[in-house]
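Reading through the structure tokens given below for one structure.
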Amino acid sequence: MALAGRTAMRWARLRSPWPAAAPLRLPPWLPAGPVACERLYSSGGKEKLDMSMYPVESIRNFSIIAHVDHGKSTLADRLLEITGTIAKTDRNKQVLDKLQVERERGITVKAQSASLFYSHEGVNYLLNLIDTPGHADFSYEVSRSLSACQGVILVVDANEGIQAQTVANFYLAFEAQLAIIPVINKIDLKNADPERAEKQIERLFDIPIDECVRISAKQGTNVEKVLQKVIEKIPPPHCNTADPLKALVFDSTFDHYRGVIANIALFGGEIQKGYKIVSAHTKKRYEVNEVGILTPNEQPTRKLYAGQVGYLIAGMKEVTEAQIGDTLFLYKQPVEPLPGFKSAKPMVFAGMYPVDQTEYNNLKSALERLTLNDSSVTVHRDSSLALGAGWRLGFLGLLHMEVFNQRLEQEYNMSVILTAPTVPYKAILSSAKLIKEYGKAEITIINPAQFPDKLSVSEYLEPTVLGTIVTPHEYIGKIIALCQDRRAVQKDMLYIDEHRVMLKYLFPLNEIVVDFYDALKSLSSGYASFDYEDAGYQAADLIKMDILLNGNPVEELATIIHNDKAYATGKFLCERLKDAIPRQLFEIAIQAAIGKKILARETLKAYRKNVVAKCYGGDITRRMKLLKRQAEGKKLMRKIGNVEVPRDAFIRVLKRQTDK
Numbered sequence: 001m002a003l004a005g006r007t008a009m010r011w012a013r014l015r016s017p018w019p020a021a022a023p024l025r026l027p028p029w030l031p032a033g034p035v036a037c038e039r040l041y042s043s044g045g046k047e048k049l050d051m052s053m054y055p056v057e058s059i060r061n062f063s064i065i066a067h068v069d070h071g072k073s074t075l076a077d078r079l080l081e082i083t084g085t086i087a088k089t090d091r092n093k094q095v096l097d098k099l100q101v102e103r104e105r106g107i108t109v110k111a112q113s114a115s116l117f118y119s120h121e122g123v124n125y126l127l128n129l130i131d132t133p134g135h136a137d138f139s140y141e142v143s144r145s146l147s148a149c150q151g152v153i154l155v156v157d158a159n160e161g162i163q164a165q166t167v168a169n170f171y172l173a174f175e176a177q178l179a180i181i182p183v184i185n186k187i188d189l190k191n192a193d194p195e196r197a198e199k200q201i202e203r204l205f206d207i208p209i210d211e212c213v214r215i216s217a218k219q220g221t222n223v224e225k226v227l228q229k230v231i232e233k234i235p236p237p238h239c240n241t242a243d244p245l246k247a248l249v250f251d252s253t254f255d256h257y258r259g260v261i262a263n264i265a266l267f268g269g270e271i272q273k274g275y276k277i278v279s280a281h282t283k284k285r286y287e288v289n290e291v292g293i294l295t296p297n298e299q300p301t302r303k304l305y306a307g308q309v310g311y312l313i314a315g316m317k318e319v320t321e322a323q324i325g326d327t328l329f330l331y332k333q334p335v336e337p338l339p340g341f342k343s344a345k346p347m348v349f350a351g352m353y354p355v356d357q358t359e360y361n362n363l364k365s366a367l368e369r370l371t372l373n374d375s376s377v378t379v380h381r382d383s384s385l386a387l388g389a390g391w392r393l394g395f396l397g398l399l400h401m402e403v404f405n406q407r408l409e410q411e412y413n414m415s416v417i418l419t420a421p422t423v424p425y426k427a428i429l430s431s432a433k434l435i436k437e438y439g440k441a442e443i444t445i446i447n448p449a450q451f452p453d454k455l456s457v458s459e460y461l462e463p464t465v466l467g468t469i470v471t472p473h474e475y476i477g478k479i480i481a482l483c484q485d486r487r488a489v490q491k492d493m494l495y496i497d498e499h500r501v502m503l504k505y506l507f508p509l510n511e512i513v514v515d516f517y518d519a520l521k522s523l524s525s526g527y528a529s530f531d532y533e534d535a536g537y538q539a540a541d542l543i544k545m546d547i548l549l550n551g552n553p554v555e556e557l558a559t560i561i562h563n564d565k566a567y568a569t570g571k572f573l574c575e576r577l578k579d580a581i582p583r584q585l586f587e588i589a590i591q592a593a594i595g596k597k598i599l600a601r602e603t604l605k606a607y608r609k610n611v612v613a614k615c616y617g618g619d620i621t622r623r624m625k626l627l628k629r630q631a632e633g634k635k636l637m638r639k640i641g642n643v644e645v646p647r648d649a650f651i652r653v654l655k656r657q658t659d660k
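Taking UniProt numbering, the leading residue of the sequence shown gets 1, the next gets one more, and so forth.
In structure tokens, the structure reads:
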């Protein structure tokens, strides 16, 4: 009965006249009128912006640079909110940090750009912002970003003051002759001391105190003043729309469906869909499918004009076609290519191999696509007896290596074996046979397996770096002792103010590459900061040390070290390996050897079954017989057993600080 009643009601509702249609309300951001609707439909639902209303004089291209964790990404969030680029919500935290690895680690790894629209004194301005990483390992991202800018915002933490990477990034901007706007951030913190930070800026960088802007990026205090300073202090780009098209590719990503998406900065002319363009590097011709700006998501536009920064899709299907630093120009209108970028100089090398050799081609494809997005990684083919075919990769530091590995796993679902990180050494050959073989007297060694014998070499050279340490003065004694332990030579010592000191040391790169930063942070309760730059090569007494497991050398654990540290390093590596390798059913002898000389040994005891548990009383010979039979079995097992070294053991073994 109830069912019949419900059915009747439904029929009555259907027979009743339709209610009057409510007037259609468009969102306020949509333009009105039939022309606007047609423009929206023609672009597939995305409004195509008209960029011609922003002439070169009203464009400002700038980057945000600072030390790690001084608030670059938080300031970028507030700038995006103030200009209306993103909605104002509590969830806006590091909006431009899009990678999973950036979210997990809380650091910026990749420079990200966004276009902001801002009205100042009745004039509409286009502000192109690039948020950059702060860690020394990603300084190549910073130098690349600065090439597309005319000015920078230099952020300094009011609590921490100037730190090592602040100094390094300032000089990058200073050498590029960019306008610099100093900003003191985190003034809302309880221990903030903006006066001290301003004095440090004046003393170190010679920037007057009255030019500093005090802000709190988290609370949004005074951030609007930063935008006004950007418009007043930073000059517009030097280019002209009437010139022929000249576009610099300063970054690129790969999309499975659309191919390569190139981030471009226009130094002349204009570009739109349908234009035929040519790459100065590959000489290939393409037709432009789409151009637009990043806000920070892709926003298609009708055209891009000189001085503007945006993205371009032109049907590039191969990752090798979009070289970072390449110049794009119109077909049959060639131009002088832009100077591009100085190639990154790798500081750390490591072997990378697929866990299973059947995954080789998939890993090769993943590496090509990831190195398109991270062009500072160098790739060379390599092979190992134990691990098969793989690559020797060059990175800018250990954190860079760990982040690259994490991105491979997260973005491409690739599990890899990474060998122990090494630095590039040089050897001056004395053997005529080897000189003929290599075709030169000086060779570079990036793999310990290629280390030539001492008899055929007249001199070994190791890479050095000039390190800058900024620390509170109470930790000076501990830090100087640490630097001396790492064979460093002091070059300079300067008091920034009454509390902070800047030390300059010449370090062998091998001594700082793995764990120096960790040790420095530990000694200084996290207050000291560190940055380094390349300082060439110096002569050194180097030797190759092999690690043997049951007499068999493990090629991936071979290291090149200084002769003075051979015994201590060998003993330490054996102890760490003893903890890293799981126990087996047979005994494992872990040895460090130079040539045939054994420097250190640790023994990993075998798991043993209690074979005499069933003997209660009786003759002693019965017990001895059982134990002897067990010993023979273990001896046989040791001959035929393979020792499994865990994948993460390589980096764990090399970290000098014991895990807490």
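Glycine included, every Cβ here is placed at the ideal spot set by N, Cα and C.
Predicted model only: the values in this text are computed from it and were never measured.
Residue i vs residue j beta-carbon contact at 8 Å
i: Val355; j: Ile417; result: yes
i: His400; j: Asp137; result: yes
i: Ser529; j: Val465; result: no
i: Lys632; j: Ala606; result: It is worth fixing the name first, because residue 632 is Glu in this sequence and not Lys. No, these two residues do not count as a Cβ contact at 8 Å.
i: Leu604; j: Ala592; result: no
i: Ala111; j: Arg144; result: yes
i: Ser115; j: Leu294; result: yes
i: Val123; j: Ser58; result: yes
i: Lys273; j: Val249; result: no
i: Leu461; j: Tyr537; result: yes
i: Val403; j: Val109; result: yes
i: Leu520; j: Leu482; result: yes
i: Asn169; j: Ile65; result: yes
i: Pro346; j: Gly315; result: no
i: Thr468; j: Ala176; result: no
Close-in-space but distant-in-sequence residues of the same chain around residue i (CB under 8 Å, 5 per side omitted)
i: Glu575; result: Glu602
i: Glu270; result: Thr241, Leu245, Lys303, Leu304, Tyr305, Ala306
i: Asn159; result: Lys186, Leu189, Asn191, Ala192, Asp193
i: Thr621; result: none
Chain-order list of residues whose beta-carbon lies under 7 Å from that of residue i (same chain, five-residue window excluded)
i: Phe451; result: Ile445, Lys544, Ile560
i: Gly220; result: Arg78
i: Pro23; result: Note that Pro23 has pLDDT 42, beneath the 50 cutoff, so the model's placement of it is unreliable and the number below is only indicative. Around Pro23: no qualifying Cβ.
i: Ser376; result: Tyr140, Ala344, Leu396
i: Thr371; result: Val377, Val379
i: Ser383; result: Ala389, Gly390
i: Ala217; result: Gly71, Thr74, Leu75, Arg78, Asn185, Val223
i: Arg392; result: Phe349, Gly351, His380, Asp382, Ile446, Asn447
i: Phe341; result: Arg144, Ser147, Ile324, Gly325
i: Glu459; result: Ile428, Ala539
One or two residues paired with residue i in a DSSP bridge
i: Tyr532; result: Gly467
i: Ala76; result: Its beta-bridge partners do not exist; DSSP assigns none.
i: Phe444; result: Before going on, a small fix: residue 444 reads as Thr here, not Phe. Looking at the DSSP assignment, Thr444 forms a beta bridge with Lys426.
i: Ser216; result: Thr221
i: Ile271; result: Leu304
i: Thr295; result: BP columns for Thr295 are empty, so no partner.
i: Thr327; result: Leu248
Residue span of the alpha helix (DSSP H) that contains residue i, given as start and end
i: Asn373; result: 360 to 373
i: Val223; result: 223 to 233
i: Asn510; result: 509 to 512
i: Ala519; result: 516 to 523
i: Pro194; result: 194 to 205
i: Gly310; result: Segment 309 to 313 is the beta strand (DSSP E) holding Gly310; no alpha helix (DSSP H) there.
For residue i, the first and last residue of its enclosing beta strand (DSSP E)
i: His380; result: 378 to 384
i: Phe250; result: 246 to 255
i: Ala592; result: 588 to 594
i: Leu599; result: 597 to 604
i: His562; result: 559 to 562
i: Pro182; result: 179 to 185
i: Tyr495; result: 489 to 495
i: Leu408; result: No beta strand (DSSP E) contains Leu408, which is instead part of the alpha helix (DSSP H) from 398 to 412.
Sequence-distant residues of the same chain with beta carbon closer than 6 Å to residue i, five excluded per side
i: Pro553; result: Asp546
i: Thr569; result: Ile561
i: Ala558; result: Pro448, Asp546
i: Pro334; result: none
Cβ separation of residue i and residue j, assumed to be a contact under 8 Å, to the nearest whole Å
i: Ala265; j: Ala420; result: Ala265 to Ala420, Cβ: 39 Å. No contact.
i: Ala197; j: Ile181; result: Not a contact, Cβ separation roughly 14 Å.
i: Leu330; j: Tyr353; result: Leu330 to Tyr353, Cβ: 44 Å. No contact.
i: Val56; j: Pro339; result: Rounded, the Cβ-Cβ distance is 21 Å, inconsistent with contact.
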